[in-house]
Amino acid sequence: MANEMSTALDKIKALVADYPGYDILNSFSVDFTEKIPASGGVFPAGLVEISRKRDILGNVTVTCQYNFGLYYVFEKSPGDDTGATINADWVMDFQEWIQEQSAKGLAPAFGDEPWKERITAQNGALFTADEEGTATYMVQLGFRFIKHFDKGV
Amino acid sequence: MWSPVGKRVEDSSTEYDWSEETKNDILGATYTQLKKPVITQTFDPCELDSGDAAQVKLWNQSIKDQDIAAMAANDMLIVHFYAGTANTAVFAERYSACAVKPSSLGGEGGGAIGMPIDVTYGGTRTVGTASISDGVVTFSA
Chain A
1282 MANEMSTALD
1292 KIKALVADYP
1302 GYDILNSFSV
1312 DFTEKIPASG
1322 GVFPAGLVEI
1332 SRKRDILGNV
1342 TVTCQYNFGL
1352 YYVFEKSPGD
1362 DTGATINADW
1372 VMDFQEWIQE
1382 QSAKGLAPAF
1392 GDEPWKERIT
1402 AQNGALFTAD
1412 EEGTATYMVQ
1422 LGFRFIKHFD
1432 KGV
Chain B
7 MWSPVGKRVE
17 DSSTEYDWSE
27 ETKNDILGAT
37 YTQLKKPVIT
47 QTFDPCELDS
57 GDAAQVKLWN
67 QSIKDQDIAA
77 MAANDMLIVH
87 FYAGTANTAV
97 FAERYSACAV
107 KPSSLGGEGG
117 GAIGMPIDVT
127 YGGTRTVGTA
137 SISDGVVTFS
147 A
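Protein chains in written order, with the working numbering: chain A, 1282 to 1434; chain B, 7 to 147.
Here's what the structure looks like:
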């Protein structure tokens, strides 16, 4: 399971790195975000089993979802409406880009039926802002996929 | 070699039509006549899967070749896993000429292609036992 999760993490990091706006980030970590502007991090939030079905031969089909939180730290001084707008635009554009990748089937596959997979990036919002001129934004990432476990006869 | 039918099918039952005919005579007695059953079974939804050998064979003979003679002459085995000695000698019945026909082909956008099939078990019925070892089913009359 550890290998599977790290493989999934690798795929997610690669997907996020493909975003055209990714180059504004100086660093991108796992389970950690530096409190300096232009840094980001992905925080795994676990695997959720959505459903489990068994066919008449004993094979099992499981629908799962990986959840992740993406945190981005940008510059934003208190009252800086221009900076806030730029940051919000970046976050919204990122979510739309993820949606496009998923809808067009360009995102990496996690399960056995790639054509049924659904990747969502949603609820992007300002998470915290401080007096030192940094703001942290958070986007929730979800990867829903299907896996088959064949029993045989 | 026997290949299982029903991959990704979550619910399927054999249906028995006994051609039941019941009469009441003029004295009030009830008589019922039964005939040998016509056994049918529907596998729905049945998503296309290239790794499903039985489904590939059925797709070839019906969708690709429309070979109606072959479609009506499939050799099929019903294995009753719940009856007998598990894995080594469970009750099984073989039907030498079964009609297997897809009822549709397609499905919703973005989903797998479905090919639900209807089976009518027919031909010579041979009863016996089946053993299962390493995924291989062996029938003994």
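Just so you know, even glycine gets a beta-carbon here, dropped at the ideal spot from N, CA and C.
Worksheet item: On the premise that residue 14 of chain B lies in contact with residue 52 of chain B, defined as a C-beta separation below 8 Å, what is that separation, rounded to the nearest angstrom?
Response: Start at 1 with the first residue of the second sequence, and residue 52 of chain B comes out as number 46. Start at 1 with the first residue of the second sequence, and residue 14 of chain B comes out as number 8. The Cβ separation is near 7 Å, so the contact holds.
Discussion item. Let me see if you follow: with CB-CB separation under 7 Å, is residue 1336 of chain A close to chain B or not?
Written reply: Counting from 1 along the first sequence, the entry for residue 1336 of chain A is found at position 55. It does: the Cβ of residue 1336 of chain A has a partner Cβ on chain B nearer than 7 Å.
Worksheet item: Residues in its own chain within less than 7 Å of residue 1374 of chain A by CB, not counting five upstream and five downstream?
Response: Working through the first sequence from its first residue, we reach residue 1374 of chain A at position 93. Correct list, in chain order: 1302.
Worksheet item: Can you tell which of B/133, B/113, B/108, B/137 has its C-alpha closest to the C-alpha of residue 47 of chain B?
Response: To locate residue 47 of chain B, count along the second sequence from 1; it is residue 41. Taking only the C-alpha atoms, the option nearest residue 47 of chain B is B/108.
Discussion item. At a CB distance below 9 Å, what residues from the stretch 1371-1404 of chain A approach chain E? Give them in sequence order.
Written reply: The question asks about chain E, but that chain is absent: this structure's protein chains are A and B.
Item to complete: Kindly indicate which three-state DSSP category residue 1303 of chain A falls into: helix, strand or coil?
Response: In the first sequence, the residue the question calls residue 1303 of chain A occupies position 22. Helix.
Discussion item. Buried or exposed for residue 33 of chain B, going by 16 or more other Cβ atoms inside 10 Å?
Written reply: Walking along the second sequence from the start, residue 33 of chain B turns up at place 27. Exposed is the call here.
Practice prompt. Determine, using beta carbons only, whether residue 1425 of chain A comes closer than 7 Å to chain B.
Written response: To locate residue 1425 of chain A, count along the first sequence from 1; it is residue 144. So no, residue 1425 of chain A is outside the interface.
Discussion item. For the alpha helix (DSSP H) containing residue 1375 of chain A, name the first residue and the last one.
Written reply: Within the first sequence, the letter at position 94 stands for residue 1375 of chain A. Its alpha helix (DSSP H) spans residues 1362-1384.
Discussion item. Using a Cβ-Cβ distance cut-off of 7 Å, determine whether residue 18 of chain B contacts chain A.
Written reply: As a first step, residue 18 of chain B must be located in the second sequence, where it is residue number 12. Residue 18 of chain B counts as touching chain A.
Item to complete: Specify the secondary structure class of residue 43 of chain B as computed by DSSP and reduced to three states.
Response: Along the second sequence, read from residue 1 onward, the residue named residue 43 of chain B stands at position 37. If DSSP states are grouped into helix, strand and coil, residue 43 of chain B belongs with coil.
Fill in: Closest residue to residue 1325 of chain A among A/1314, A/1318, A/1331, A/1300 (Cα-Cα distance)
The residue given as residue 1325 of chain A occupies position 44 in the first sequence. Looking at the Cα atoms, A/1314 is the closest of the given residues.
Discussion item. Comparing C-alpha positions only, which one of B/112, B/120, B/93 sits nearest to residue 137 of chain B?
Written reply: Here residue 137 of chain B is taken as the residue at index 131 of the second sequence, counted from 1. Among B/112, B/120, B/93, the Cα nearest to that of residue 137 of chain B is on B/93.
Discussion item. What does DSSP give as the partner residue(s) for residue 51 of chain B in the beta ladder?
Written reply: Against the second sequence, residue 51 of chain B aligns to sequence position 45. Beta-bridge pairing links residue 51 of chain B to no other residue.
Worksheet item: Whose C-alpha, out of A/1349, A/1350, A/1347, A/1366, is nearest the C-alpha of residue 1356 of chain A?
Response: The count along the first sequence starts at 1 and reaches residue 1356 of chain A at position 75. Minimum Cα distance to residue 1356 of chain A is reached at A/1366.
Item to complete: Report, in whole angstroms, the separation of the C-beta atoms of residue 1323 of chain A and residue 1294 of chain A, which I expect to be a contact under 8 Å.
Response: Stepping through the first sequence from its first residue, residue 1323 of chain A is reached at position 42. Stepping through the first sequence from its first residue, residue 1294 of chain A is reached at position 13. Contact flag correct, Cβ pair sits at about 6 Å.
Worksheet entry | Neighbour-count burial assignment, residue 3 of chain B, 16 or more Cβ in a 10 Å radius | For residue 3 of chain B there is no data in the structure shown, the boundaries of chain B being 7 and 147.
Worksheet item: Are the beta-carbon atoms belonging to residue 1423 of chain A and residue 1376 of chain A less than 7 Å from one another?
Response: Counting from 1 along the first sequence, the entry for residue 1423 of chain A is found at position 142. Counting from 1 along the first sequence, the entry for residue 1376 of chain A is found at position 95. No, the Cβ-Cβ distance between residue 1423 of chain A and residue 1376 of chain A is not below 7 Å.
Discussion item. Less than 7 Å between the beta carbons of residue 104 of chain B and residue 134 of chain B, yes or no?
Written reply: For the purposes of this step, residue 104 of chain B is taken as residue 98 along the second sequence, with counting starting at 1. For the purposes of this step, residue 134 of chain B is taken as residue 128 along the second sequence, with counting starting at 1. Not closer than 7 Å, so no.
Fill in: Environment of residue 1354 of chain A [buried if 16+ CB atoms lie within 10 Å]
To locate residue 1354 of chain A, count along the first sequence from 1; it is residue 73. That one is buried.
Fill in: Own chain residues within Cβ distance below 7 Å of residue 1307 of chain A, not counting five before or after
Counted from its first residue, the first sequence places residue 1307 of chain A at position 26. For residue 1307 of chain A, where only same-chain residues beyond five positions count, the Cβ hits under 7 Å are 1319, 1320.
Worksheet item: Which same chain residues, not among the five before or five after residue 82 of chain B, have their C-beta less than 6 Å away from its C-beta?
Response: In the second sequence, residue 82 of chain B corresponds to position 76, counting from 1. If we look at residue 82 of chain B and ignore the five residues flanking it on each side, its Cβ neighbours are 101, 104.
Worksheet item: Using DSSP with H/G/I as helix, E/B as strand and the rest coil, what is residue 13 of chain B?
Response: Working through the second sequence from its first residue, we reach residue 13 of chain B at position 7. Three-state result, residue 13 of chain B: coil.
Item to complete: Just confirm the distance between the C-beta atoms of residue 65 of chain B and residue 121 of chain B, as a whole number of angstroms; I'd bet it's less than 8 Å.
Response: Locating residue 65 of chain B in the second sequence gives position 59, where the first residue counts as 1. Locating residue 121 of chain B in the second sequence gives position 115, where the first residue counts as 1. Residue 65 of chain B to residue 121 of chain B, Cβ: 7 Å. Contact.
Practice prompt. Answer yes or no: does any C-beta atom of chain A fall closer than 7 Å to that of residue 13 of chain B?
Written response: Indexing the second sequence from 1 puts residue 13 of chain B at position 7. Judged by the 7 Å Cβ criterion, residue 13 of chain B is in contact with chain A.
Worksheet entry | Burial state of residue 22 of chain B, where buried means 16 or more other Cβ atoms lie within 10 Å | Position 16 of the second sequence, counting from 1, holds the residue named residue 22 of chain B. With fewer than 16 Cβ atoms within 10 Å of its Cβ, residue 22 of chain B is classed as exposed.
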